[in-house]
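Enquirer:
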Amino acid sequence: MMRMKDWKENNKGFSLVELIIVMAIMAILVGTIAPQVFKYVEASREAKDIQIVHTVFTAVQTAIAEKDSAPSTIDDKPLDDVIGAGKPLENAKKLLDSDMDTVADIKAKAKSKKGKAGTLYVDYEESTGKLSVYIGSAAGTTDIGPVTN
Numbered sequence: 334m335m336r337m338k339d340w341k342e343n344n345k346g347f348s349l350v351e352l353i354i355v356m357a358i359m360a361i362l363v364g365t366i367a368p369q370v371f372k373y374v375e376a377s378r379e380a381k382d383i384q385i386v387h388t389v390f391t392a393v394q395t396a397i398a399e400k401d402s403a404p405s406t407i408d409d410k411p412l413d414d415v416i417g418a419g420k421p422l423e424n425a426k427k428l429l430d431s432d433m434d435t436v437a438d439i440k441a442k443a444k445s446k447k448g449k450a451g452t453l454y455v456d457y458e459e460s461t462g463k464l465s466v467y468i469g470s471a472a473g474t475t476d477i478g479p480v481t482n
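Reminder that position 142 of the sequence shown reads as 475 in our numbering, one-by-one numbering, no gaps.
(1) Check whether the region 451–468 touches the region 379–394, counting contact only when three or more Cβ pairs, one atom from each stretch, lie closer than 8 Å.
(2) Please report the distance separating the alpha-carbon of ALA360 from that of GLN384.
(3) Taking just the CA atoms, how far does ILE358 sit from VAL350?
(4) Considering just the uninterrupted stretch of the beta strand (DSSP E) at ASP456, what are its terminal residues?
(5) May I ask you to list the residues that DSSP assigns as paired with THR481?
(6) Starting from LEU352, trace the alpha helix (DSSP H) both ways and give me its first and last residue.
(7) May I ask you to list the residues that DSSP assigns as paired with LYS410?
(8) Decide if MET433 is buried, meaning its Cβ has at least 16 other Cβ atoms within 10 Å, or exposed.
(9) Which whole-angstrom value describes the C-beta separation of ILE468 and VAL436, a residue pair presumed to lie in contact below a C-beta threshold of 8 Å?
(10) If you draw a straight line from the alpha carbon of ASP409 to that of PHE390, how long is it in whole angstroms?
(11) First and last residue of the alpha helix (DSSP H) that includes ILE439?
(12) What does the alpha-carbon distance come out to for the pair ALA472 and GLN369?
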């Protein structure tokens, strides 16, 4: 028969109580750290959306610089009303990346909650030359951006 001393020497695993304690500690750590991580994830998504807005800004700015397509004024218009065939900045469309053929494609690239829910707006004043491109829930309301010159 095995003596108690021999049994203890051969027991090399963890007890159930030790495993439960480790799992409880891990659950507490995850519960306290997870909310902090989610803030940083959303901030990085918004930074990606600002890059998209900047890409659109560059295309719109280049199209405005071409004399034949420069509109007089664009007052906080959704991008759908500005870029495309027969629109004031129809040349801006060809300046965008190939995977941004339509405004829907541009919107599909948005990663943040604000970017997905908002609309891309363009605001241009010919007299001052000021151009702004931003994502907002309504005209004049800036959620992401603006990228201005």
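Here a beta-carbon is modelled for each residue, glycine too, at the ideal position from N, C-alpha and C.
Quick caveat: nothing in here was measured; it's all calculated off a predicted structure.
Expert: The structure says:
(1) The answer is yes - the region 379–394 touches the region 451–468, with three or more Cβ pairs under 8 Å.
(2) Looking up residue 360 in the sequence shown gives position 27. Looking up residue 384 in the sequence shown gives position 51. Taking the straight line joining both Cα atoms gives about 36 Å.
(3) Sequence index remark: in the sequence shown, residue 350 carries index 17 (1-based). Sequence index remark: in the sequence shown, residue 358 carries index 25 (1-based). The straight-line gap from Cα to Cα measures roughly 12 Å.
(4) As a working mapping, residue 456 is identified with position 123 in the sequence shown. ASP456 -> beta strand (DSSP E) spans 452–458.
(5) The count along the sequence shown starts at 1 and reaches residue 481 at position 148. Note: THR481 is bridge-paired with SER465 in the DSSP secondary-structure output.
(6) Indexing the sequence shown from 1 puts residue 352 at position 19. Per DSSP, LEU352 belongs to the alpha helix (DSSP H) from 349–398.
(7) Within the sequence shown, the letter at position 77 stands for residue 410. Residue pairing from DSSP places LYS410 in a beta bridge opposite VAL455.
(8) Residue 433 sits at position 100 when you count from the first residue of the sequence shown. Buried, because 16 or more other Cβ atoms sit within 10 Å of the Cβ of MET433.
(9) Mapped onto the sequence shown, residue 468 falls at position 135. Mapped onto the sequence shown, residue 436 falls at position 103. Incorrect: roughly 12 Å between the Cβ atoms, too far for contact.
(10) Position 76 of the sequence shown holds residue 409. Position 57 of the sequence shown holds residue 390. Between ASP409 and PHE390, the C-alpha separation is close to 13 Å.
(11) Within the sequence shown, the letter at position 106 stands for residue 439. Going by DSSP, ILE439 is part of the alpha helix (DSSP H) stretching over 436–441.
(12) Residue numbering aside, residue 472 sits at position 139 when the sequence shown is read from its first letter. Residue numbering aside, residue 369 sits at position 36 when the sequence shown is read from its first letter. Those two C-alpha atoms are separated by around 32 Å.
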